[in-house]
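Q:
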Amino acid sequence: MFVDYLGVMLVNLGAGLALLAHYLYVKPAKALRKSWAAGFYAVGLLGLVTSLPMVLQWPLPGGYNVAYGEPGLYFGVLFIAAGLTLTFEWEPLIPAIYGFFGAIYSIVIGIRIEDLGLTKEPTVALLGFVLTGLGGILVLPAIQWRDNKALATITAAILGVAALIWLYTGYAAGWGHILDFAKWMPPTK
Numbered sequence: 186m187f188v189d190y191l192g193v194m195l196v197n198l199g200a201g202l203a204l205l206a207h208y209l210y211v212k213p214a215k216a217l218r219k220s221w222a223a224g225f226y227a228v229g230l231l232g233l234v235t236s237l238p239m240v241l242q243w244p245l246p247g248g249y250n251v252a253y254g255e256p257g258l259y260f261g262v263l264f265i266a267a268g269l270t271l272t273f274e275w276e277p278l279i280p281a282i283y284g285f286f287g288a289i290y291s292i293v294i295g296i297r298i299e300d301l302g303l304t305k306e307p308t309v310a311l312l313g314f315v316l317t318g319l320g321g322i323l324v325l326p327a328i329q330w331r332d333n334k335a336l337a338t339i340t341a342a343i344l345g346v347a348a349l350i351w352l353y354t355g356y357a358a359g360w361g362h363i364l365d366f367a368k369w370m371p372p373t374k
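The sequence shown begins at 186 in this note's numbering and counts up by one.
(1) Among G254, K334 and G345, which residue has its Cα nearest to the Cα of L205?
(2) If we count the other Cβ atoms within 10 Å of its Cβ and call it buried at 16 or more, is V211 buried or exposed?
(3) Measure the C-alpha to C-alpha separation of A252 and A358 and round it to an integer number of angstroms.
(4) Would W351 and L230 be called neighbours here (beta carbons separated by less than 9 Å)?
(5) One question on the structure: do F264 and Y226 come within less than 9 Å of each other, judged by their Cβ atoms?
(6) Quick check: what's the CA-CA separation for P307 versus G287?
(7) Confirm, please, whether the CB-CB distance from L312 to I343 is below 9 Å.
(8) How about W275: is its C-beta nearer than 9 Å to some C-beta of chain D?
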């Protein structure tokens, strides 16, 4: 039996997207931005800790390691960079530029999952990846034109819907994986 911690990865992704959506919508004053860093670090750390072994060790069957591990790794590093940016009061446009390219990758992965019919619900995965990518692409102009409330609100709404998809998928995965592993015992010598 393989190790499957995808549920917590997806919940972390949903939480991170919700945090980013809220950050964009609230648009905290510069003096308050440091207080947001802990949330971004938490999401980034869990993303890194769960996705790096998936990329290096392939605990899941087949292409799921690529489809979820690689974007998870990119997402984890991006959120750590965002946390550093907030902590040191650096220019937030820099991680947004980096995130733009990961957002495109998210769309590509989503289309490929649908194309191959991977997962139990490939259309839901497609929507999650595409909305995450679209929201990620829009973060760049939302950060560049910080005073455009309409753009920030649209971006936050797209990220919020993507967060709901990943939270639904992650909670459902956790629910199902408990049953899948209910009677599993580690091999003994």
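All C-beta atoms, glycine included, are put in the ideal place defined by N, C-alpha and C. Fair warning: this is a prediction, and the values are worked out from it, not measured in the lab.
A: With the structure as the only source:
(1) Nearest option by C-alpha distance: G345.
(2) Flag for V211 reads exposed.
(3) Approximately 16 Å, taken between the alpha carbons.
(4) Not a contact, by the Cβ cut-off of 9 Å.
(5) A contact, by the Cβ cut-off of 9 Å.
(6) Cα atoms of P307 and G287: separation of roughly 20 Å, rounded to the nearest angstrom.
(7) No, the pair does not count as a contact, with Cβ atoms beyond the cut-off.
(8) Chain labels in this structure do not include chain D; a single protein chain is all it has.
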